[in-house]
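Residue numbers 2 to 398, in our numbering, belong to the letters of the sequence shown in order.
Since the structure comes first, as structure tokens, the remarks are kept for the end.
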Amino acid sequence: MKADFFAVKAATDDNYMPVFNRKQIAFTHGEGCTLFDTEGEAYTDFAAGIAVNSLGYNDPQLVAAISAQAAKLTHMSNLFYNDTQSALIAELVEGTDFDKVFLSNSGAEANECAIKLVRKYFYNKGACRPVILTALNSFHGRTLATATATGQTKYSHPFAPLPEGFRYVKYNDIAVLQEQAADPTVGAIMLETIQGEGGVIPATPEYMQAAEQLCRKYGLLLVIDEVQTGAGRTGKMFSYQHYGIKPDIITLAKGLGGGVPIGATLASASCANAFVPGDHGSTFGGNPLACAAARVVLQRLKGGLTEQAAVTGEYLRNALSSLVDGEKVLSVNGKGLMLGLRLHADIDIIKVIDKMLKSCYIIIGCGNNTLRFVPPLIISAPLIDNMIEALRLALAD
Ligand SMILES: *Cc1c(COP(=O)(O)O)cnc(C)c1O
């Protein structure tokens with residue numbers, strides 16, 4: 002039976018807590034980079050469920066792995082060992098700068114683990130370094146700690162009292178970072194390499210390198226939030242690899258499970274071993290179903306999809322650059338398949354997004370009046386070409 006849009010909408014609006022501004026479309030299924038709505042309309046997806054569906058929809062290998070795992074074992078607990086989980090974490094750290102993994106279910110949880118690990122690391126040392134520096138305009142999640150780590154007060158202020166221990170620094174400002182990192186109460190610097198929700202704003206190489214050097218100089222931990230940028234999104238497995246730096250902790254989620262919820266916190270042994278049994282945990286984290294999905298995504302990323310994302314990303318960047326006119330369209334920012342098209346403040350991006358939806362293209366917005374392009378990593382040049390033509394028309398109005 003075909004789902005009726007108005008029934009779906011009414012049941013959602015009646016029963017879901019009113020925290021989302023939803024578009025007037027209900028999707029029922031997808032195939033490749035295409036999503037289908039209740040009316041049977043086909044949309045090309047440049048959002049991928051907010052940088053999540055890295056393999057697109059109905060990927061045969063992913064579907065087979067999830068189905069097979071569901072038939073064997075969906076969930077047990079971390080009170081026992083599990084073969085799928087052990088395989089995933091070995092594959093996740095293999096050849097990386099990290100030794101240990103903690104698995105959770107989301108980006109916020111991956112960051113919570115990182116924050117707790119930083120605090121426990123200094124607790125063990127008997128050092129009073131409770132402050133984590135984060136950037137203005139950053140985004141780290143919606144739990145109380147990660148919303149407070151987020152350098153945008155709209156996410157945290159209404160929910161006071163807030164956890165202590167976060168201090169904000171201007172992004173890409175090395176002088177401010179130098180001054181703050183020298184404060185003996187600071188224990189860590191936590192940054193995105195490209196601010197995603199904040200408007201697809203990349204850190205400069207000099208800034209990231211300064212962050213690393215300051216951490217080494219003062220004995221701080223460098224935490225990179227790779228929740229959006231990780232898992233191949235920017236054309237490398239982890240986006241920090243573009244910068245020639247080595248973080249102590251990174252966090253992953255979004256694209257890692259190809260659509261199945263999973264979060265991961267990776268750390269060097271010297272850092273990770275600050276935790277002892279009982280310090281942290283998760284009921285669902287590391288469940289075999291999510292691990293089976295992430296294993297497929299990792300295998301594909303290592304089997305060429307990451308390089309493909311770099312090449313297609315360059316193609317998309319060039320195509321978007323052809324729209325830059327210095328008047329309405331200001332700049333293209335980002336790396337790989339995480340790109341932003343910044344529009345002049347006078348242009349209402351919601352109108353552009355809605356126009357693109359009418360033309361059956363899914364694009365999302367973010368801070369800084371920017372259109373965000375985070376398609377499935379399997380997106381092709383012809384799909385990009387078609388979208389660019391539709392966008393050219395939408396912007397011409
Ligand atoms: C989306 C995002 C988060 C939060 O992830 P959730 O899975 O929604 O909890 C954290 N950090 C960054 C950089 C993100 O883009």
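Quick reminder that beta carbons are idealized off the backbone N, C-alpha and C, glycines included.
Remember, predicted model here, so these are calculated numbers, not experimental data.
Short of 8 Å in beta carbon distance, which residues of its chain neighbour residue i, apart from the five on each side in sequence? Order them along the chain.
i              : result
aspartate 280  : Lys117 and Lys121
isoleucine 177 : In the sequence as presented, isoleucine is not what sits at residue 177; that position holds valine. Val170 and Lys171, listed in sequence order.
alanine 52     : Gly197, Gln229, Arg234, Lys255, Gly256, Met339 and Val375
glutamate 328  : His345
threonine 151  : Thr135, Ser139, Phe140, His141, Gly142 and Ser157
serine 323     : Ile389
glutamate 308  : Gly236
proline 164    : Leu145, Ala146 and Thr149
glycine 366    : Ile350, Ile351, Ile354, Leu372 and Arg373
Restricting to Cα atoms, I'd like to know which of the options is closest to residue i.
i                 : options                           : result
lysine 101        : Thr154, Arg23, Glu390 and Asn274  : Asn274
glycine 96        : Cys292, Ser269, Leu321 and Gly341 : Ser269
aspartate 249     : Cys272, Gly258 and Pro19          : Cys272
asparagine 78     : Ala49, Gly287, Tyr44 and Pro19    : Before going further, note that residue 78 is serine rather than asparagine in the sequence given. Here the closest residue by C-alpha is Gly287.
aspartate 347     : Thr371, Ile363 and Lys356         : Thr371
valine 45         : Ala397, Asp398 and Ala382         : Per the sequence shown, the amino acid found at residue 45 is threonine instead of valine. If we check each option's Cα against that of threonine 45, Ala382 comes out closest.
glutamine 300     : Ile364, Glu92 and Asn83           : Glu92
aspartate 5       : Arg373, Ile26 and Gly366          : Ile26
glycine 41        : Cys34, Phe47, Ala291 and His30    : His30
leucine 392       : Ala310, Ala66 and Lys356          : Lys356
serine 87         : Ala295, Leu394 and Asp386         : Ala295
threonine 135     : His243, Ala146 and Phe167         : Phe167
phenylalanine 285 : Phe103, Leu163, Asn319 and Ala395 : Phe103
leucine 306       : Ile251, Leu378 and Asn369         : Leu378
leucine 396       : Asn369, Val353, Ala311 and Ile363 : Val353
glycine 337       : Met238, Gly259, Gly258 and Ile363 : Met238
serine 332        : His76, Asn369 and Gly231          : Asn369
threonine 313     : Phe47, Phe276 and Asp326          : Phe47
Is any heavy atom in ligand 1 found nearer than 6 Å to the beta carbon of residue i?
i             : result
histidine 243 : no
glutamine 229 : yes
serine 157    : no
glycine 142   : yes
glycine 108   : yes
alanine 254   : yes
aspartate 226 : yes
glutamate 213 : no
glycine 286   : no
glutamate 193 : yes
Can you give me the Cβ contacts of residue i inside the same chain, cut-off strictly under 7 Å, excluding the 5 residues immediately before and after it?
i              : result
threonine 186  : Cys129, Arg130, Pro131 and Val132
alanine 69     : none
glycine 335    : Ile195, Val201, Pro203 and Gly341
alanine 144    : Checking the displayed sequence, the identity of residue 144 turns out to be threonine instead of alanine. Within the same chain, threonine 144 has close Cβ partners Ala109 and Glu113.
isoleucine 67  : Val261, Leu290, Ala293 and Ala294
cysteine 216   : Ile190, Leu222 and Leu223
isoleucine 175 : Glu207, Tyr208 and Ala211
isoleucine 246 : Met209, Gln210 and Glu213
cysteine 361   : Glu42, Ala43, Tyr44 and Thr45
State the beta-bridge partners of residue i as determined by DSSP.
i                : result
isoleucine 363   : Asp46
alanine 265      : Leu104 and Leu253
methionine 339   : Lys336
arginine 217     : Its beta-bridge partners do not exist; DSSP assigns none.
tyrosine 169     : Thr135
histidine 30     : Phe37
methionine 18    : None; methionine 18 has no bridge partner.
phenylalanine 81 : Paired residues: none, contrary to the question.
glutamine 300    : Its beta-bridge partners do not exist; DSSP assigns none.
proline 203      : Ile195
threonine 13     : Threonine 13 is not bridged to any residue.
isoleucine 190   : Leu134 and Leu223
threonine 75     : Note: threonine 75 sits in no beta bridge, so no partner.
glycine 152      : Leu137
tyrosine 58      : Gly33
Taking 6 Å as the limit between beta carbons, can you name the residues of its chain near residue i, skipping five residues before and five after?
i                 : result
phenylalanine 28  : Leu36 and Asp38
tyrosine 219      : Ala182
phenylalanine 123 : Arg130 and Gly188
alanine 320       : Ile385 and Ile389
Using only the heavy atoms of ligand 2, determine whether one of them is closer than 6 Å to the beta carbon of residue i.
i           : result
glycine 197 : No copy of ligand 2 appears in this structure; the ligands present are ligand 1.
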